[in-house]
Each structure stands twice: as C-alpha cells, then as structure tokens.
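The next block holds one structure in the form of structure tokens; read it before the comments.
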Amino acid sequence: MTWWQRPFPDANTLLLHGRQPALVDSGFVGHAEETAAWARAHAGAVDLVVNTHWHSDHVGANALLQAGGAGIAAGAPEAEAVSRRDPGCCAAEYLDQPVAPYTVDLPLDDGQMLRLGDADWEVVRSPGHTPGHLALWQPQERILVVGDALSDYDVGWVNLTLDGPGTAATALASLQRMADLAPRVILPSHGPVPGEPAAAFAAALRRAERLVDDPAGAVWYGARRIFAFALMIRDGIPADAIEPYLHARAWLTDAARLLDLTPEALAHELVTNMLRSGAVLLRDGRLHAAADHTPVAAEPLRVPTRGPGRARGRAERRTEGIRSQSGRPQKDPCRPTSAK
Ligand SMILES: [Fe+2]
C-alpha cells in the first residue's frame, strides 16, 4: 500500500495496490486532478474508491475518478442519502464546503468484507464524526484505517448541531470498539501515523470523554474546526467580510442556539478567541488559518470538477453542480437534474 500524508484541506489518501486497486478517500475537490494523477502514477487505474465518510476533504476526487470508470463505495447511511438525493448530502451546504457531485455504486454495511488491492478488509461502522463514518480493518496485518474517528492522538471533532446531543457519546463508543481491535498500525485521515496505537486510543478516549461531559466545549471545538476549514479553502477571508460570512452560516446559527448566544456574539467570540490562541492570523487584511495547509485555486471552488471518460454521461445525467459561477451554493450535490 502507499499512504500519502497530506496537509489540509485534503484528507490523507491511501492506495491499495493489487488486482483490484483501491483508493481510500480522495481529497478535496480543489486538488482532484492532483489526487487522480497520483493514483494513476502509483497504481495505473483505480477500480474502487472507498470513502470513510462524506466530508468534502474525503470525497473531492470521487466525481473525477468515477468519470474515469472507478466505482464509489460508502457507508450505507451516506450511500442511501446520496442515492435519494438528500439535500443534506455531504453536509456540503450546511458546512459551506464544495463537493463535486458523484453517485455511490456500493453501499457498505458493518462487518462486510471488501477486497481492496489483494487483501480482504472488514468494514467497521464507526459513527460519531459523521453518522455514516466507517473504519477499515485488515485482520491479518492488524491495520486499521480510522478516517476522522481519530486524528493523531485526538478524537475527531463531532457535530452536535447537525447530528444531535448524543453524538459525542456515539464517537466515544466507536473509539472504544476500534481500540478493542488492538491494531498494530493506525492510519488516520489527518496528521501522521501515531507511533503508539494503544496510547493514541487512550488519549483519544480521554478527549472523547471530555466532549461527552462538556457539550458546550464540543460545540466550540466543532465551530473552530469548521471555521478554520472555511478559511483554508478560500485562502483566507477579508477581515471586513468575516462577520457577514459567519452570520450567514447555518452551522454558526445552530451552534449559537446551543450555546445560548446570538449568532453575532458567537461569531465575534469565535474570531477573537481564535486570534488570541493563534489558530487564525491576520495577514494583509485577511484572516487565515494558522494550521499547515495547501493553497486551493479559486476556480475549482466555483465549478464542479467534471472529468472525461466513459462514466461522464451517466454522472452528468444523474447529478449537477452545487455552485454557480458566483461561487454561491446553488444545488446540493445529490439532487437530481433533468437529463441532458
Ligand atoms: Fe471529516
């Protein structure tokens, strides 16, 4: 296998070589060409893309690879939502993150065995970070692909505003289930491979317990992560546009309600706190995320990726873009469109 540790806004990408070359997660839409070229260079062709979950940094090259003939596999709840064109697909509109439209060919259930490359992997449902999140377990080699359930030595952020008050407890239970597998190697979607898997799970479990005990803290944690990602994919946001941007976001309005604040007060406090902590920086009149990240060209944020290939017609008939030329979300990635 080849593992590609990538800075934000891309999730780490895993390529499983063999008779059925497979890619686990496909990065951010702004880097779809780069992801596809990397997979081609290392494996020739990709038969299957497996998504640990449907966040934009994990599914960005799905459409391009699908247009080139790859199948897309995803956890059953997310696969079903994509199939029925659920407006909440990928939480793309909610989080204001672009996703080029794709379809799911293979819904995955807990316990299902999947041939990836030349090995069999077991699907381990691990809801929490998203309701449809899954991990992949290779029992002979004791390798566990954990997606965003665990990053480095921390639990992945949970979205209490979208997924409900029990979400942190759900994430905690999923972490415990994965820890019980006692993997030899953990492959997370962000950050490096943890040197000590058992210690990584112990630290992440403690952190998840704190999120269960402190729902307000969990809401703040999620808000910081969503906002930092918004800054990364836009090469920062002009300082004078920050508050109008935040006030218009569904996730911020919902978080404010849970925190018993007005959206204006939450937006102000979020920016102030993140500036103070150094998580965001003011540079040349724009607010930037401080975390290491790769620039994204503006154009892919506005125009959904549409690659050439034999699946193109099918993809174009079934789905359409979520952004107009103005850059505003217009259609969710899963709604049906009239046949062309
Ligand atoms: Fe995620």
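Just so we're aligned, residue 419 is where the sequence shown starts under our numbering, counting upward by one.
Virtual Cβ for every residue (Gly too), placed ideally from N, Cα, C.
Can you name, in chain order, every residue of its own chain whose Cβ lies under 6 Å from the Cβ of residue i, other than the five neighbours on each side?
i: Arg643; result: Trp575
i: Met650; result: Phe426, Pro427, Ala707 and His711
i: Ala597; result: Phe619
i: Leu434; result: Met419, Ala440, Leu534 and Gly535
i: Asp672; result: Thr579
i: Leu623; result: Leu593
i: Pro525; result: Ala494 and Ala497
i: Thr499; result: The residue asked about is misnamed: residue 499 is Ala in this sequence, not Thr. The residues are Cys507.
Within its chain, find whatever has a CB closer than 8 Å to the CB of residue i; leave out the 5 residues flanking it on each side and keep chain order.
i: Glu661; result: Glu682, Ala685, His686 and Val689
i: Gly696; result: Ala708
i: Ala618; result: Leu568, Asp570, Tyr571, Ile604 and Pro612
i: Pro610; result: Gln423 and Asp570
i: Thr680; result: Ala674
i: Ile655; result: Ala648, Leu649, Tyr663, Arg704 and Leu705
i: Ala733; result: Per-residue confidence for Ala733 stands at a pLDDT of 33, beneath the threshold of 50, marking its modelled position as unreliable; the derived number appears in the next sentence. Only Ala481, Gln484, Ala485, Pro519, Tyr520, Thr521 and Arg724 meet the Cβ criterion.
i: Gln558; result: Ala537
Spell out the partners DSSP gives residue i in its beta bridges.
i: Trp759; result: With the chain represented from 419 up to 758, any question about residue 759 goes unanswered, as that position is not in the structure.
i: Leu684; result: None; Leu684 has no bridge partner.
i: Val500; result: In DSSP, Val500 forms no bridge with anything.
i: Trp669; result: Paired residues: none, contrary to the question.
i: Leu532; result: Trp539
i: Trp422; result: Thr431
i: His706; result: Leu699
i: Gly489; result: Leu466
i: Val409; result: The question about residue 409 has no answer here: the residues shown for the chain are numbered 419 through 758.
i: Ile655; result: Leu705
i: Pro525; result: Ala492
Is residue i helix, strand or coil by DSSP?
i: Leu483; result: helix
i: Pro395; result: The structure shown does not extend to residue 395, since the chain is modelled only from 419 to 758, so the question has no answer here.
i: Ala429; result: coil
i: Leu513; result: helix
i: His449; result: helix
i: His473; result: coil
i: Leu679; result: coil
i: Val714; result: coil
i: Val464; result: coil
i: Leu623; result: helix
i: Pro662; result: helix
i: Ala457; result: helix
i: Pro612; result: coil
i: Val630; result: helix
i: Gln438; result: strand
Does the beta carbon of residue i sit closer than 8 Å to a beta carbon anywhere in chain C?
i: Ala455; result: Looking for chain C here will not work: only one protein chain is present.
Apart from the five residues on each side of it in sequence, which residues of its chain come closer than 7 Å, Cβ to Cβ, to residue i?
i: Ala657; result: Leu700, Gly703, Arg704 and Leu705
i: Pro549; result: Pro495 and Asp581
i: Pro713; result: Asp653
i: Ala715; result: Gly448
i: Asn577; result: Thr585 and Gly640
i: Ala429; result: Asp443, Gly445, Asp475, His476, Ser607 and His608
i: Ala636; result: Val576, Leu578, Ala586 and Leu629
Just the Cα atoms here: how many angstroms apart are residue i and residue j?
i: Glu511; j: Arg533; result: 33 Å
i: His608; j: Asp475; result: 10 Å
i: Gln515; j: Trp472; result: 11 Å
i: Leu593; j: Ser544; result: 7 Å
i: Gln556; j: Ala659; result: 47 Å
i: Gly546; j: Ala455; result: 32 Å
i: Ala463; j: Ser444; result: 14 Å
i: Arg437; j: Ala537; result: 10 Å
i: Val564; j: Phe645; result: 23 Å
i: Asp632; j: His460; result: 44 Å
i: His614; j: Ile561; result: In the sequence on display, residue 614 carries Glu and not His. Roughly 13 Å separates the two Cα atoms.
i: Thr431; j: Trp421; result: 6 Å
i: His551; j: Ala479; result: 18 Å
i: Leu629; j: Thr470; result: 22 Å
i: Leu513; j: Ala600; result: 34 Å
i: Ala668; j: Val698; result: 21 Å
i: Trp539; j: Asp678; result: 44 Å
- Message: Any contact between the region 519–534 and the region 477–496? By contact I mean 3 or more CB pairs, one from each, below 8 Å.
- Response: Contact between the region 519–534 and the region 477–496 is present, because at least three Cβ pairs lie under 8 Å.
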